């Protein structure tokens, strides 16, 4: 045996003592934990009554009928809510009617104005003296075309004076001013095309307004 303790090291806290029974004492047994049982009556909900499918339908129908009757009663006793929708629709319908009537009047007036299409060509030596609001008094009318509603056309063709040499002397003659007449004819074509397009556009507008008025 070796009694020299210099080669040993004590690990741990010397103040801590393990729970070891002293010599000669009985070792106490570890207390066992017993499960705790709680006894008592647990309340259970009452069973639902058995209801057949036909009875369920009858109850639902009755409930709906009662709800409907109560709603009808409340609607009859209280005024209906209005959010201005009816007034808006009436305003739109009234505006469409007024616009259609006004456009119809304008269309009728336009048709009366263009039953006879008249194209006039003026010339002037001094444009600064021409008054566009009074052309007959400030310019020279050189060509005129009138197109009646039934298709009749009347023309006033421009002419110019020319001198021709004859054996007995010069004589002044008159011939058609073809350059001016060509310009006038081009203006007639433009005016006729504008008339056709105007009538077609007015007809489309009236048709659109009438359809909108019917749908409203």
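Numbering (our numbering), first residue to last: 237 to 452.
Idealized CB from N, CA, C, for every residue including glycine.
Keep in mind that this is a model prediction, so the values were computed, not measured.
Scanning its chain for C-beta atoms nearer than 7 angstroms, with the 5 sequence neighbours on each side dropped, one finds around residue 378 the residues 357, 358, 359, 394, 416, in chain order. Within a 10 Å sphere around the beta-carbon of residue 381 sit 16 or more other beta-carbons, which makes this residue buried. Cβ-Cβ separation between residue 427 and residue 353: approximately 6 angstroms, consistent with a contact (criterion under 8 angstroms). Non-local C-beta neighbours of residue 398 in its own chain, meaning closer than 6 angstroms and more than five positions away in sequence, comprise 409, 411, ordered along the chain.
Under the three-state reduction of DSSP, residue 341 is assigned to helix. Burial is judged here by how many other beta carbons sit within 10 angstroms of a residue's own beta carbon; residue 258 has fewer than 16 and is exposed. A distance below 8 angstroms separates the beta carbons of residue 336 and residue 446. Counting along the chain, the unbroken alpha helix (DSSP H) around residue 371 starts and ends at 371 to 374.
Here DSSP, grouped into helix, strand and coil, assigns residue 360 to coil.
According to DSSP, residue pairing for residue 412 in a beta bridge involves 395.
The secondary-structure analysis by DSSP pairs residue 378 with nothing; it has no beta-bridge partner. Around the Cβ of residue 344, a 10 Å sphere holds fewer than 16 other Cβ atoms; the residue is exposed.
Within the model, the alpha-carbon separation for residue 429 versus residue 349 is close to 16 angstroms. Separation of the CB atoms of residue 448 and residue 332 is rounded to 6 angstroms, and the pair is thereby assigned contact status at 8 angstroms. Pairing residue 384 with residue 346, the inter-Cα distance amounts to about 15 angstroms. Note on residue 375: 16 or more other CB atoms within 10 angstroms of its CB, so buried under the neighbour-count rule. The DSSP-derived three-state label of residue 446 is helix. Residue 272 carries a coil assignment under DSSP once its states are collapsed to helix, strand and coil. Residue 419 places its beta carbon 8 angstroms or farther from that of residue 339. Listed as beta-bridge partners of residue 400 by DSSP are 407. Annotated three-state conformation of residue 385 is coil, per DSSP. Between residue 388 and the set 270, 369, 351, the nearest pair of CA atoms involves 351.
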